[in-house]
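Residues in the sequence shown are numbered consecutively from 51, following my numbering. These notes are about the structure you will find just below.
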Amino acid sequence: MNELLGILPVKLKESMKDNGIKAFVADQILDWVFKKSVVNFSDMQNVSKENREKLSTLYNLFPFKNVEVLESSDGLAVKGILTLEDGAKIESVILKERDYYNLCISTQCGCPVDCKFCLTGITGFKRNLKAAEIVGQILWANNYLASKKIDHRISHLVFMGMGEPLLNYDELIKSLAMIHDEQGFFISTRKVTVSTSGFIKTIRQLIEDDVKLNLAFSVGCVNRDKRIEIMPVEELNPIMDVAKVLKEYQALHNRKLTLEYTMLAGVNDTDQDIQDLIGLAKYLKAKINLINLNPHNKIPFKEISNSKLHRLKTMIQNQHVPVTIRFRKGRDISAACGQLGESRMEEANENGND
Ligand code: SF4
Numbered sequence: 051m052n053e054l055l056g057i058l059p060v061k062l063k064e065s066m067k068d069n070g071i072k073a074f075v076a077d078q079i080l081d082w083v084f085k086k087s088v089v090n091f092s093d094m095q096n097v098s099k100e101n102r103e104k105l106s107t108l109y110n111l112f113p114f115k116n117v118e119v120l121e122s123s124d125g126l127a128v129k130g131i132l133t134l135e136d137g138a139k140i141e142s143v144i145l146k147e148r149d150y151y152n153l154c155i156s157t158q159c160g161c162p163v164d165c166k167f168c169l170t171g172i173t174g175f176k177r178n179l180k181a182a183e184i185v186g187q188i189l190w191a192n193n194y195l196a197s198k199k200i201d202h203r204i205s206h207l208v209f210m211g212m213g214e215p216l217l218n219y220d221e222l223i224k225s226l227a228m229i230h231d232e233q234g235f236f237i238s239t240r241k242v243t244v245s246t247s248g249f250i251k252t253i254r255q256l257i258e259d260d261v262k263l264n265l266a267f268s269v270g271c272v273n274r275d276k277r278i279e280i281m282p283v284e285e286l287n288p289i290m291d292v293a294k295v296l297k298e299y300q301a302l303h304n305r306k307l308t309l310e311y312t313m314l315a316g317v318n319d320t321d322q323d324i325q326d327l328i329g330l331a332k333y334l335k336a337k338i339n340l341i342n343l344n345p346h347n348k349i350p351f352k353e354i355s356n357s358k359l360h361r362l363k364t365m366i367q368n369q370h371v372p373v374t375i376r377f378r379k380g381r382d383i384s385a386a387c388g389q390l391g392e393s394r395m396e397e398a399n400e401n402g403n404d
């Protein structure tokens, strides 16, 4: 059966026509899925029973077998633990911003990159997600907001959930087309940020394919020797070469570039480390986002003190580089940055697989 969310609306309409479904019915279905956020054909009230039954034999609409929802006590984050058709689980987090909703989206089940400060890396890698499974997370989130009578749909996306998006390049590009499509989720790519730990070959591919995105580069540490210790990706993708290709990418358009910097006490928090980070930000005309580590007993690092975090922020500001500190939403449900996959890990621990 075809995954409905993996087919661009224009192609879907053709496919429905080939199966005897009239054009106006196809439009109604697109409206139910992408505007009204319905996840079952049976809920499409203005579509005839005959057509609904036909559709359910032709397409799989919702790519998740089961959904478990955890709501944070601060009301700012909702985590969906989504079970895929093969039983694997991924996580996705709705983040409430001041006047809109953001979704932190996963692109892989687990992650092969193995950043030493990230729980997702510790859980290991299972497989890449298909485009339908990537955009299915938006449908889940919109359906959740509708079920709570919240008069908003997801308007911003950050590809910062489980996985390294650029290692699932083809499905990422397919999902961006669904996200951007007027009859799809219709979210401007200016409101989409893709995070990467820095893969030179695929950033070059973005350039060749003329894909314009806001990128967030996870720095770890600018010093190569220190970076290798916490981000093994550095071995084949030296940070200075990544910086050069990012600069080339930035020169082609004026999309935002953010340097994500996870603070690890005693590892990347000296004044020299921050000075190097400032130098990189100036070279790339990028904004810096300081993220204090979300500590966990499986991660061999500690967070830095709040006073130090603010001192480092001031040090950056004094050199006229834009800087923010990421507020850690949803810590109580392990929905904060670098914590996704925690639920899977707990399960593994319960099953004695630790
Ligand atoms: S930080 Fe991102 S790239 Fe690194 S292990 Fe975690 S999910 Fe993978």
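We treat Cβ as the ideally placed atom computed from N, Cα and C, and that holds for glycine. Remember, predicted model here, so these are calculated numbers, not experimental data.
Bridge-paired residues (DSSP) for residue i
{"i": "Ser122", "result": "DSSP, once it has assigned bridges, lists no residue as partnering Ser122."}
{"i": "Ala127", "result": "Leu145"}
{"i": "Thr133", "result": "Asn116, Lys139"}
{"i": "Ile184", "result": "Looking at the DSSP assignment, Ile184 forms no beta bridge with any residue, so it has no partner."}
{"i": "Asn52", "result": "Tyr109"}
{"i": "Glu279", "result": "Per DSSP, none; premise fails for Glu279."}
{"i": "Lys337", "result": "Thr308"}
{"i": "His202", "result": "BP columns for His202 are empty, so no partner."}
{"i": "Met365", "result": "For Met365, which the question treats as bridged, DSSP gives no partner whatsoever."}
{"i": "Tyr299", "result": "Per DSSP, none; premise fails for Tyr299."}
{"i": "Thr374", "result": "Asn339"}
{"i": "Leu327", "result": "Leu327 pairs with nothing; no bridge assigned."}
{"i": "Arg177", "result": "Cys159"}
{"i": "Thr7", "result": "This structure cannot speak to residue 7, because the chain is shown only from 51 to 404."}
{"i": "Phe209", "result": "Val244"}
Of the residues the options, the one placed nearest residue i, counting alpha carbons only
{"i": "His206", "options": "Glu310, Met290, Ala301, Tyr150", "result": "Tyr150"}
{"i": "Ser355", "options": "Asp319, Leu169, Val119, His346", "result": "Asp319"}
{"i": "Glu118", "options": "Tyr109, Val128, Phe112, Lys352", "result": "Val128"}
{"i": "Phe249", "options": "Met94, Lys104, Leu296, Lys115", "result": "Leu296"}
{"i": "Arg376", "options": "Glu310, Ala138, Val317, Asp382", "result": "Glu310"}
{"i": "Pro215", "options": "Cys154, Lys358, Phe84, Val88", "result": "Cys154"}
{"i": "Tyr333", "options": "Asp291, Leu343, His346, Asn344", "result": "Asp291"}
{"i": "Pro288", "options": "Arg274, Asn264, Glu298, Ile280", "result": "Arg274"}
{"i": "Thr252", "options": "Ile223, Leu340, Val88", "result": "Ile223"}
{"i": "Lys99", "options": "Lys85, Ile71, Ala336, Asp81", "result": "Ile71"}
{"i": "Asn339", "options": "Phe351, Pro350, Glu353, Val371", "result": "Val371"}
{"i": "Asn264", "options": "Glu121, Val88, Lys337, Asn368", "result": "Lys337"}
{"i": "Ser156", "options": "Lys241, Ser357, Val208", "result": "Val208"}
{"i": "Asp321", "options": "Arg361, Val83, Lys85, Tyr219", "result": "Arg361"}
{"i": "Gly56", "options": "Leu120, Leu226, Phe74, Arg148", "result": "Leu226"}
{"i": "Ser197", "options": "Glu221, Lys276, Asp136, Val88", "result": "Val88"}
Cutoff 7 Å; reference residue i; Cβ partners in own chain excluding five residues on either side
{"i": "Asp231", "result": "Leu58, Pro59"}
{"i": "Asp164", "result": "Gly171, Pro282"}
{"i": "Asn96", "result": "Gln78"}
{"i": "Asn401", "result": "Model confidence at Asn401 stands at a pLDDT of 36, short of 50, so the residue's coordinates are unreliable and nothing is read from them."}
{"i": "Glu285", "result": "Ile278"}
{"i": "His202", "result": "Tyr150, Tyr151, Leu195"}
{"i": "Ile341", "result": "Glu310, Tyr311, Thr312, Met313, Arg376, Cys387"}
{"i": "Cys161", "result": "Thr170, Gly171, Phe175, Met212, Gly213, Glu214"}
{"i": "Lys85", "result": "none"}
Inter-residue CB distance, residue i and residue j (contact presumed, cutoff 8 Å)
{"i": "Leu327", "j": "Val283", "result": "Going by Cβ atoms, the distance from Leu327 to Val283 rounds to 17 Å, so no, they are not a contact pair."}
{"i": "Ser90", "j": "Leu111", "result": "Checking the sequence shown, residue 90 turns out to be Asn, not Ser. About 7 Å; that satisfies the 8 Å criterion."}
{"i": "Thr243", "j": "Ala266", "result": "5 Å"}
{"i": "Lys139", "j": "Leu132", "result": "7 Å"}
{"i": "Ser123", "j": "Trp190", "result": "Not really, about 21 Å apart at Cβ, beyond 8 Å."}
{"i": "Ile188", "j": "Ile204", "result": "5 Å"}
{"i": "Val317", "j": "Phe351", "result": "6 Å"}
{"i": "Gly186", "j": "Phe114", "result": "6 Å"}
{"i": "Leu330", "j": "Ala293", "result": "6 Å"}
{"i": "Asn101", "j": "Val75", "result": "6 Å"}
{"i": "Gln255", "j": "Leu80", "result": "Rounded, the Cβ-Cβ distance is 30 Å, inconsistent with contact."}
Cut-off 6 Å between Cβ atoms - residues of its own chain near residue i, not counting five sequence neighbours on either side
{"i": "Gln300", "result": "Leu307"}
{"i": "Arg177", "result": "Cys159"}
{"i": "Ala407", "result": "Past the edges of the chain, shown from 51 to 404, lies residue 407, and the structure says nothing about it."}
{"i": "Gln325", "result": "none"}
{"i": "Asn116", "result": "Thr133"}
{"i": "Lys262", "result": "His303, Arg305"}
{"i": "Ile237", "result": "Ile229"}
Residues of its chain near residue i, where Cβ-Cβ distance is below 8 Å and the 5 sequence neighbours each way are ignored
{"i": "Asn52", "result": "Ser65, Leu108, Tyr109, Asn110"}
{"i": "Ile257", "result": "Val295, Glu298, Tyr299, Leu302"}
{"i": "Asn368", "result": "none"}
{"i": "Asn69", "result": "Lys104, Leu108"}
{"i": "Glu147", "result": "His206"}
{"i": "Asp323", "result": "Cys271, Val272, Asn273, Lys276"}
* **Stretch pair the segment 63–73 + the segment 166–183: three plus CB contacts closer than 8 Å** => no
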